[in-house]
Each structure stands twice: as C-alpha cells, then as structure tokens.
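Visitor:
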Amino acid sequence: MDNGPTILTERIPTEHEEQRELVKWFRQTFDGVRIFAIPNGGVRSITTAARLKVEGVSTGVPDLYIPAWKLWIEMKRVQGGVVDKNQKDWHSYLMLIGDTVIICKGANEAKRMIEKIKEERNDEPIPSGAP
Numbered sequence: 001m002d003n004g005p006t007i008l009t010e011r012i013p014t015e016h017e018e019q020r021e022l023v024k025w026f027r028q029t030f031d032g033v034r035i036f037a038i039p040n041g042g043v044r045s046i047t048t049a050a051r052l053k054v055e056g057v058s059t060g061v062p063d064l065y066i067p068a069w070k071l072w073i074e075m076k077r078v079q080g081g082v083v084d085k086n087q088k089d090w091h092s093y094l095m096l097i098g099d100t101v102i103i104c105k106g107a108n109e110a111k112r113m114i115e116k117i118k119e120e121r122n123d124e125p126i127p128s129g130a131p
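Numbering (our numbering), first residue to last: 1 to 131.
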C-alpha cells in the first residue's frame, strides 16, 4: 500500500548546538586565543534570576567574547533567531566604545565571519590569549 511520497524535514539546530559547534571549532583553529560564553540566557527560577541580576548579569549582552580581539559574537539559529531591543542596545554600546560585534545565524556563518575578520586584520598582530 502506497501512502504517497515521504517528506523529510531537516531539523534546525538550536542556538546552543550552534554555539557549541562554534566554540569547539574556534578553540581548535585558534590555539591560545581565548573565547568564553556570557551566560545571560536560559530558564531560571525567579530567585536565581534576581541573584544573578544583582551580581551583574545583564540582558542583551552578546553570547561570546574573544578578549584579545575585542570581538563579541551574538549567536542565532539559522532560522528564527531575532535580535531583540536589549541586544541592539548592547551592540550599539559595544561598537561605540570600539569593540567589534558580529551577529551570526549559525556556526557556519560565524566561522566565515571570524575568518574574514582575521583576514582583514592580517596586517596587524592579533594577540593570542596564552600567558
């Protein structure tokens, strides 16, 4: 009995999966250059959220930071990710003080953008974070 054509849909990776892939690639590609996550997102209890807020957690700060390059990375899903008002505000501030902010839809786009930034800055030394 034929039920018609089978339609396969490709699952869109979560922002977490995209970010995990990017961090793994970055650490393998740029040995000694440090990258770290800013844990602003996620579901938390009201008590935990209040405690983190008074400790300095701020809504809208980009997801990743590379201190040696003054580069902030805002990760989004390949489809469906939206930059909100708080994120736009932070991005504007960070660029105003001379840092670079990139907004990436998925790990592959982030890799391309990071490689382009590295290429553009090739004539200037890009320090590694190794002590």
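The beta-carbon is built from N, C-alpha and C at its ideal position, and this holds for glycine as well.
Could you give the first and the last residue of the continuous alpha helix (DSSP H) run that contains TRP25?
Guide: Start at 1 with the first residue of the sequence shown, and residue 25 comes out as number 25. That run of the alpha helix (DSSP H) goes 15-29.
Visitor: So, are the CB atoms of ASN86 and THR59 less than 9 Å apart?
Guide: As a working note, residue 86 is residue 86 in the sequence shown. As a working note, residue 59 is residue 59 in the sequence shown. Yes, these two residues count as a Cβ contact at 9 Å.
Visitor: Along the chain, where does the alpha helix (DSSP H) that runs through VAL54 open and close?
Guide: As a working note, residue 54 is residue 54 in the sequence shown. For VAL54, the enclosing alpha helix (DSSP H) begins and ends at 46-55.
Visitor: Rounded to whole angstroms, what's the CA-CA distance from GLY106 to ILE66? Just pull it up for me.
Guide: By 1-based counting over the sequence shown, the position of residue 106 is 106. By 1-based counting over the sequence shown, the position of residue 66 is 66. It is roughly 17 Å from the alpha-carbon of GLY106 to the alpha-carbon of ILE66.
Visitor: Using a Cβ-Cβ cutoff of less than 6 Å, which residues in the same chain neighbour LEU71 once the five nearest sequence positions on both sides are dropped?
Guide: Sequence index remark: in the sequence shown, residue 71 carries index 71 (1-based). The answer, listed in chain order, is THR100.
Visitor: In three-state terms, what does DSSP make of LYS70?
Guide: In the sequence shown, counting from the first residue as 1, residue 70 sits at position 70. Correct three-state label for LYS70: coil.
Visitor: Where do the N-terminal and C-terminal ends of the beta strand (DSSP E) with ILE35 fall, by residue?
Guide: The sequence position of residue 35 within the sequence shown is 35, counting from 1. Membership of ILE35 in any beta strand (DSSP E) is not indicated, and neither H nor E is assigned to it by DSSP.
Visitor: Nearest to CYS141 by alpha carbon, out of ALA50, ILE73, PHE30?
Guide: Because the chain in this structure spans residues 1 to 131, residue 141 falls outside the shown range and cannot be described.
Visitor: Looking at ARG77 and THR14, is the spacing between their C-beta atoms short of 9 Å?
Guide: Sequence index remark: in the sequence shown, residue 14 carries index 14 (1-based). Sequence index remark: in the sequence shown, residue 77 carries index 77 (1-based). Yes, Cβ-Cβ distance for THR14 and ARG77 is below 9 Å.
Visitor: Tell me, to the nearest whole angstrom, how far the beta carbon of LEU64 is from that of GLN28; I am working on the premise that it is less than 8 Å.
Guide: Counting from one through the sequence shown, the residue named residue 64 turns up at place 64. Counting from one through the sequence shown, the residue named residue 28 turns up at place 28. The Cβ separation is near 15 Å, so there is no contact.
Visitor: Just the C-alpha distance for LYS88 and GLY98, rounded to the nearest angstrom, thanks.
Guide: Counting from 1 along the sequence shown, the entry for residue 88 is found at position 88. Counting from 1 along the sequence shown, the entry for residue 98 is found at position 98. When rounded, the distance between both Cα atoms is 16 Å.
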